[in-house]
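In what follows, a structure is listed as structure tokens, so that the remarks can point back to it.
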Amino acid sequence: MSTPDSTADTPAHRYTGALAGVIEARWHDRWDAEGTFDTPNPAGPLADAAAVGSRPKRFILDMFPYPSGAGLHMGHPLGFTATDIYARYMRMTGHNVLYTMGFDAFGLPAEQYAVQTGQHPAVTTDQNIANIRAQLRRLGLSHDRRRSISTTDPDYYRWTQWIFLQIFNAWFDPDRKKARRIDELVAELDAGTRGARTGAWASMSPAQRRAELDQWRLAYVSDAPVNWCPGLGTVVANEEVTADGRSDRGNFPVFKRNMRQWMMRITAYADRLIDDLDLLDWTDAIKAMQRNWIGRSEGATVHFESPAGRITVFTTRPDTLFGATFMVLAPEHPLVDALTTPAQADAVAAYRRAAQAKKDVDRQDEGREKTGVFTGGHAVNPVNGQQVPVWIADYVLMGYGTGAIMAVPCGDERDFEFARTFGLPIVAIQQPADRSLDTSSWADAFVGDAPYVNSANQSLSLDGIDSVTEAKRLMNGWLEAHGHGHATVTYKLRDWLFSRQRYWGEPFPIIYDEHGSPHALPDSALPVLLPDTDQFSPRTFDPDDAMSDPESPLDRLADWVELELDLGDGLRRYRRDSNVMPQWAGSCWYELRYLDPTNDDHFVDPANEQYWMGPQGPGHPGGTDLYVGGVEHAVLHLLYARFWHKVLHDLGHVSSVEPFHKLFNQGYILAAAYQDERGMYVEASQVEQRDGSYVYEGRPVTREYGKMGKSLKNAIAPDEVCEQYGADTLRLYLMSMGPLDASRPWESKDVVGVHRFLQRVWRNIVDEDSGAVRTLDGAPDTETLRVLHRTTAAVREELDHLRFNTAIAKLIELNNHLTKLGGCPAAMADDLVAMLAPFAPHMAEELWSRLGHGTSITHHPFPVADPAYLTSDTVEYPVQVNGKVRARITVAADADAATVEATALADERIVTTLAGAAPKKVIVVPGRTVSIVA
RNA sequence: GCGGGCGUGGCGGAAUUGGCAGACGCGCAGGAUUUAGGUUCCUGUUCCGAGAGGAGUGAGGGUUCGAUUCCCUCCGCCCGCACCA
Numbered sequence: 000m001s002t003p004d005s006t007a008d009t010p011a012h013r014y015t016g017a018l019a020g021v022i023e024a025r026w027h028d029r030w031d032a033e034g035t036f037d038t039p040n041p042a043g044p045l046a047d048a049a050a051v052g053s054r055p056k057r058f059i060l061d062m063f064p065y066p067s068g069a070g071l072h073m074g075h076p077l078g079f080t081a082t083d084i085y086a087r088y089m090r091m092t093g094h095n096v097l098y099t100m101g102f103d104a105f106g107l108p109a110e111q112y113a114v115q116t117g118q119h120p121a122v123t124t125d126q127n128i129a130n131i132r133a134q135l136r137r138l139g140l141s142h143d144r145r146r147s148i149s150t151t152d153p154d155y156y157r158w159t160q161w162i163f164l165q166i167f168n169a170w171f172d173p174d175r176k177k178a179r180r181i182d183e184l185v186a187e188l189d190a191g192t193r194g195a196r197t198g199a200w201a202s203m204s205p206a207q208r209r210a211e212l213d214q215w216r217l218a219y220v221s222d223a224p225v226n227w228c229p230g231l232g233t234v235v236a237n238e239e240v241t242a243d244g245r246s247d248r249g250n251f252p253v254f255k256r257n258m259r260q261w262m263m264r265i266t267a268y269a270d271r272l273i274d275d276l277d278l279l280d281w282t283d284a285i286k287a288m289q290r291n292w293i294g295r296s297e298g299a300t301v302h303f304e305s306p307a308g309r310i311t312v313f314t315t316r317p318d319t320l321f322g323a324t325f326m327v328l329a330p331e332h333p334l335v336d337a338l339t340t341p342a343q344a345d346a347v348a349a350y351r352r353a354a355q356a357k358k359d360v361d362r363q364d365e366g367r368e369k370t371g372v373f374t375g376g377h378a379v380n381p382v383n384g385q386q387v388p389v390w391i392a393d394y395v396l397m398g399y400g401t402g403a404i405m406a407v408p409c410g411d412e413r414d415f416e417f418a419r420t421f422g423l424p425i426v427a428i429q430q431p432a433d434r435s436l437d438t439s440s441w442a443d444a445f446v447g448d449a450p451y452v453n454s455a456n457q458s459l460s461l462d463g464i465d466s467v468t469e470a471k472r473l474m475n476g477w478l479e480a481h482g483h484g485h486a487t488v489t490y491k492l493r494d495w496l497f498s499r500q501r502y503w504g505e506p507f508p509i510i511y512d513e514h515g516s517p518h519a520l521p522d523s524a525l526p527v528l529l530p531d532t533d534q535f536s537p538r539t540f541d542p543d544d545a546m547s548d549p550e551s552p553l554d555r556l557a558d559w560v561e562l563e564l565d566l567g568d569g570l571r572r573y574r575r576d577s578n579v580m581p582q583w584a585g586s587c588w589y590e591l592r593y594l595d596p597t598n599d600d601h602f603v604d605p606a607n608e609q610y611w612m613g614p615q616g617p618g619h620p621g622g623t624d625l626y627v628g629g630v631e632h633a634v635l636h637l638l639y640a641r642f643w644h645k646v647l648h649d650l651g652h653v654s655s656v657e658p659f660h661k662l663f664n665q666g667y668i669l670a671a672a673y674q675d676e677r678g679m680y681v682e683a684s685q686v687e688q689r690d691g692s693y694v695y696e697g698r699p700v701t702r703e704y705g706k707m708g709k710s711l712k713n714a715i716a717p718d719e720v721c722e723q724y725g726a727d728t729l730r731l732y733l734m735s736m737g738p739l740d741a742s743r744p745w746e747s748k749d750v751v752g753v754h755r756f757l758q759r760v761w762r763n764i765v766d767e768d769s770g771a772v773r774t775l776d777g778a779p780d781t782e783t784l785r786v787l788h789r790t791t792a793a794v795r796e797e798l799d800h801l802r803f804n805t806a807i808a809k810l811i812e813l814n815n816h817l818t819k820l821g822g823c824p825a826a827m828a829d830d831l832v833a834m835l836a837p838f839a840p841h842m843a844e845e846l847w848s849r850l851g852h853g854t855s856i857t858h859h860p861f862p863v864a865d866p867a868y869l870t871s872d873t874v875e876y877p878v879q880v881n882g883k884v885r886a887r888i889t890v891a892a893d894a895d896a897a898t899v900e901a902t903a904l905a906d907e908r909i910v911t912t913l914a915g916a917a918p919k920k921v922i923v924v925p926g927r928t929v930s931i932v933a
């Protein structure tokens, strides 16, 4: 495909895609040769204290990519260009900038790609990384390449394993609400200042003590319900299971099974993960998603006694306890069998079977119609002694709260529906102003503040109170005082399932003794290398075979699994843990390794962490100065990384409390996608437009917009655009499409707009026929200087706020002005090029060089606006009469309000409009407007 | 249902604390260059109206000298969570 602007009669030195390609390659080589973007550290292997100096620092971070075989998609250059522009701007404003790029290369996609191609994942990963590095280079991203890491590199995952052991060897102190080293727990248990959970510490055997400690660890092996995905052949985390019970990746059914797996005690950090969101410069949307995922809910635990035993419920509305007229348990609740009477046994069993069968997929499709079965059993409502029937229903979930609820149909919509469906009593316990106490007339439950009624016993009365908050407080106090319950907080967040039965991941630095107890390997044994094998395919199963069992690929490697080791008590036989860590492990801390990527003694030198990520004052959590990436990581990666960072902070390894101070979520790239009559997507690039409709291979197709990508067959490769127009044009187009956080449709025909802009900049400085510099001699006129300085001030302002689209618009305005002048005055050329440099660095370097500068523009100071040119001698005021602009007047910039008013009232048009009537009021807003009320 | 966000020309989008609506770009129209097409350049381009003028930021209302911006009601769209007790 030829570039649209190069033909036989094109001037030899016109800025075409072909010329851009030549220029860009030249500067890539030069940047590499000169190490232009190498950034000094205060300490460690990359230390250069003199180069660090006293400059302010900026740590600018992108979410690092998977090195997939397809290479980068257009969303990558979108975010990467934004951070690159900001990084370059920061360098030009005197900052020491840390900016690099790594690869999140472990995990399912890399492994699946390897399985498809039959090559070892290490081979394909290296190839893919090399390919993506070339793509990144082509985009002109100003990365410090010395700092690049891959999570699959043993020098990197050595420290991932080390951090795992830090977490394994830590416990959460509920009093101090922080992680501490496990030996501090041992000291407290030895001293008797803290009690053991499983018995008397002093009388425990070594094995019992080991088991006791395992109960406290932040990383622990647990035999608990996990998400088993036979189609993937591995267990997956809650966060990786979709709402309809399928795997996020692959969309296979997921089954709850009890299995022995590694867990991380992220729940211990639930409150801090919520509270510290307040310290972060993140959007409300992302904060809300994290809060919602953690799902903190304040309420009360209430005990109902039954012949089958105590039934404990969680409620957020303890104030409505007098209205609890029945109970509902989840079908899987352990007390169901004991509660069920013989007469109801068949019905209960049938319901439980049906509930289990439809568990994963169909529950949503069946809508919200309430189903359920009476167990035949009853329990006692503790506030009024009433016997209430106990039902089971699938709208009560075993996985939340206690798996049992007290049903208050008058005050809860679901309970109301259930009561209506099955004819259960509904007793009003509040008196809404517009309702009768006869609930048979109610259309729905009442939720809100209204005076309580029917809510008293001998020692408690809520009657007459009209505040839910107050009623809750009184009820909680009563429950606690009488031993029927207490105030409680529950969370939706569950501990993080941390092991996977796959090959392509970090091995656990854990071995098991003959009793099956886990032991940490010593730091000196790290890294535990992922053993080489050609048997890396996971064992997958029929996706619906819930009873299949996971098989770790590493388990097949007997030579690796079995080992003899002396852990201080003599040479013994052990078995290695054959699981690998999940995809998310490597991305939980990669930003820290960028700080000190080649340090063999520490995962990061504390001085470097303090310098790049340390808190910047009281109340500041520290962390990266900017983190740009897609919103799809709102809960998974961002929550896990925050959790690890907090553990590292608690253990004294990092000074920052949070990893990412400012988070910016880029929008998606959308593109037109086309479907044929069968609803199949057709290759968007082959669709033609004819008379307002769309045609593919002669047949009509319909258009829609969707996320650019393979599935909609509307992807455009960044490389194609670089080839056609050059990387600078692609960068500029991506940035000018709209605000960075908005999703925007890709329109290939629009790309030419920014290309023309670059062409005009080039032409204003370089002669298209000779290639010589052709700037204008003589001093620029005052108006031109005003445009220059206004542009300078505006571009700075826009860049400070990451508003790249409007910054580019300002540069275009400046250049359009110069085009009208007939070229760029020589005295302004440096400033013009310097302002262009962050956006179109290749062209800027080339022009900079042709203008006679011997060094890269990278560290040249960004232009500063001269305030003298930001004001003018005269100001134009719009004059409104009754809110409508009727005239414009021009007055001296320093004219006082009275003069402006007099000038406005004297204006011919205003005199005509007022028609002799005296104005009732005249408002002069200095520098802005005159408003006349007639 | 709950939470977050958004509605501005033919299209993508601009508009400091409320102060000239439509910056910039695409497209379109006309013109220059060109054998022609394309490229490049210039001019114009919110709508109605020949014009004077009028209307206009999803709809309606409010506050204000003045509202795209603030408040209320409604409509529509996007994203996240979803029987969470």
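Residue 630 in numbering that gives the first Met the number 0 sits at position 631 of the first sequence; the count goes up by one each step and never skips. Beta carbons: idealized from backbone N, C-alpha and C, even for Gly.
Does DSSP classify residue i as helix, strand or coil?
i      : result
CYS587 : coil
GLU304 : strand
ASN383 : coil
LEU553 : helix
HIS652 : coil
GLY376 : strand
ASP414 : helix
ASP565 : strand
MET397 : coil
PHE535 : coil
MET326 : strand
MET258 : strand
TRP495 : strand
Can you round the beta-carbon distance between residue i and residue j to whole angstroms, since I take them to be within the 8 Å contact cut?
i      : j      : result
LEU107 : ARG248 : 5 Å
LEU731 : ILE807 : 6 Å
TYR155 : LEU625 : About 23 Å separates the two Cβ atoms, so there is no contact after all.
VAL235 : SER221 : Not really, about 15 Å apart at Cβ, beyond 8 Å.
ALA825 : ASP776 : 6 Å
Quick check on residue i: buried or exposed, where buried means 16 or more other Cβ atoms within 10 Å of its Cβ?
i      : result
PRO537 : buried
THR468 : exposed
ARG887 : exposed
ASN881 : exposed
PRO581 : buried
ARG641 : buried
PRO76  : buried
VAL884 : exposed
SER930 : buried
With respect to the beta strand (DSSP E) encompassing residue i, which residues constitute its N-terminal and C-terminal limits?
i      : result
TRP170 : 169 to 172
ALA670 : 668 to 674
Taking the alpha helix (DSSP H) that residue i falls in, what are its first and last residues?
i      : result
ASP799 : 781 to 799
GLY484 : Taken as a continuous stretch (DSSP letters only), GLY484 belongs to no alpha helix (DSSP H), being part of the beta strand (DSSP E) at 484 to 489.
GLN500 : Per DSSP, GLN500 belongs to no alpha helix (DSSP H) and is neither H nor E.
THR911 : 907 to 913
- Jot down the residue ranges of each uninterrupted alpha helix (DSSP H) in the region 812 to 876, minimum 4 residues, whole runs only, in chain order. Within the region 812 to 876, the complete alpha helix (DSSP H) segments at least 4 residues long are 825 to 835, 840 to 849, listed from N- to C-terminus.
- Query: Which ranges does the beta strand (DSSP E) cover as unbroken runs of at least 3 residues, wholly within the region 720 to 763, from first to last along the chain?
  - Reply: Taken in chain order, the unbroken stretches of beta strand (DSSP E) that lie wholly in the region 720 to 763 and span 3 residues or more are 743 to 745.
- Message: Just to confirm the assignment: which complete beta strand (DSSP E) runs, minimum length 3, are found wholly within the region 679 to 723?
- Response: Taking only runs of at least 3 residues, the beta strand (DSSP E) segments lying wholly in the region 679 to 723 are 687 to 689, 692 to 695, 698 to 706.
- Task: May I have a chain-ordered list of the beta strand (DSSP E) segments no shorter than 3 residues that lie completely inside the region 38 to 122?
- Result: If we require 3 residues or more, the beta strand (DSSP E) runs fully inside the region 38 to 122 come out as 56 to 61, 95 to 97.
- Query: What residue ranges within the region 217 to 303 form continuous beta strand (DSSP E) runs of no fewer than 3 residues, ordered along the chain?
  - Reply: If we require 3 residues or more, the beta strand (DSSP E) runs fully inside the region 217 to 303 come out as 218 to 228, 233 to 235, 254 to 263.
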